[in-house]
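What follows is a short report on a single structure.
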Amino acid sequence: MKLFQLKSGEVGLLKAFLEDHYVCIGYSGLGDLEGIGRDELDGRLEQAYGYQGQELAGHAEVVNLFVHSMQDGDYLLLADGDWVHLGDLGDYFYDERFDIEGDGRCHRRGVTWLTSIPYAALNSVVKALLAEEAAVSMFQEPIAAARLDLWIRDTETSGNLLNIGVRVDEETVAEALDILKKALKSPDAERRERAAIAILQYAK
Numbered sequence: 073m074k075l076f077q078l079k080s081g082e083v084g085l086l087k088a089f090l091e092d093h094y095v096c097i098g099y100s101g102l103g104d105l106e107g108i109g110r111d112e113l114d115g116r117l118e119q120a121y122g123y124q125g126q127e128l129a130g131h132a133e134v135v136n137l138f139v140h141s142m143q144d145g146d147y148l149l150l151a152d153g154d155w156v157h158l159g160d161l162g163d164y165f166y167d168e169r170f171d172i173e174g175d176g177r178c179h180r181r182g183v184t185w186l187t188s189i190p191y192a193a194l195n196s197v198v199k200a201l202l203a204e205e206a207a208v209s210m211f212q213e214p215i216a217a218a219r220l221d222l223w224i225r226d227t228e229t230s231g232n233l234l235n236i237g238v239r240v241d242e243e244t245v246a247e248a249l250d251i252l253k254k255a256l257k258s259p260d261a262e263r264r265e266r267a268a269i270a271i272l273q274y275a276k
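Quick look at the structure:
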């Protein structure tokens, strides 16, 4: 079991990911990538986008992680302002309808969203993963170091997940609430609204 982070790239796409339970990586014009090797992937990227050298290697790594390294049942983190969404990944599939220049929603994985975590409550190694610049990257530490067991609930959709409820030390909770209280005074109306919702959910 592995853990990945993925960047949505734009607000509208983030909303679609959460509401429609999928993620994608762009890269239209490559066709179905299931089962292809790295050499063929490099060739398709070079032909479609003109990538070469280090630029080609970087883009090929992103696509390879999404298509081949991710597996059904792995975990995904998706940053969303003061929150990070944790999901259980499904298989890769190719949707030809969206293989259009400027769209690129054709390379997809389904996601079962498990929970949302305050960014401030994550530990330093997970924050380091989220801070990586790559559109997709894999957690290099043993997955136990991410302490996902603190957040994943034992529900019908989560199958073999680890614990019921959330166990976080009081100091971390206080720090997270302090950040949310400060966010209530943000000039960004959407951020204020998210902070208010988070605090009200915590107070239940």
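Add 72 to a position in the sequence shown, counting from 1, and you land on the number used in the numbering used here.
Beta carbons are placed, not taken as given, at the ideal position from N, Cα and C, and that holds for glycine.
| request: Measure from the alpha carbon of Y99 to the alpha carbon of each residue in A217, G125 and E118, then state which is nearest. | output: E118
| query | Can you name, in chain order, every residue of its own chain whose Cβ lies under 8 Å from the Cβ of K257, other than the five neighbours on each side? | reply | R264
| query | Among T187, Y94 and V208, which one has its Cα closest to the Cα of D221? | reply | T187
| task | My understanding is that D146 touches F76, with C-beta atoms under 8 Å, so please give their C-beta distance in whole angstroms. | result | 7 Å
| task | Would you check if the distance between the CB atom of I97 and the CB atom of H157 is smaller than 8 Å? | result | no
| query | How would you call S196, buried or exposed, if buried means at least 16 neighbouring beta carbons within 10 angstroms? | reply | exposed
| query | Should A267 be labelled buried (16 or more other beta-carbon atoms within 10 Å of its own) or exposed? | reply | buried
| message | Can you tell me whether S141 is buried or exposed? The criterion is at least 16 other CB atoms within 10 Å of its CB, across all chains shown. | response | exposed
| field | Proximal residues to Y292 (C-beta, below 7 Å), its chain only, five neighbours per side dropped | value | Residue numbering for the chain in the displayed model covers 73 to 276; residue 292 lies beyond these limits and cannot be assessed.
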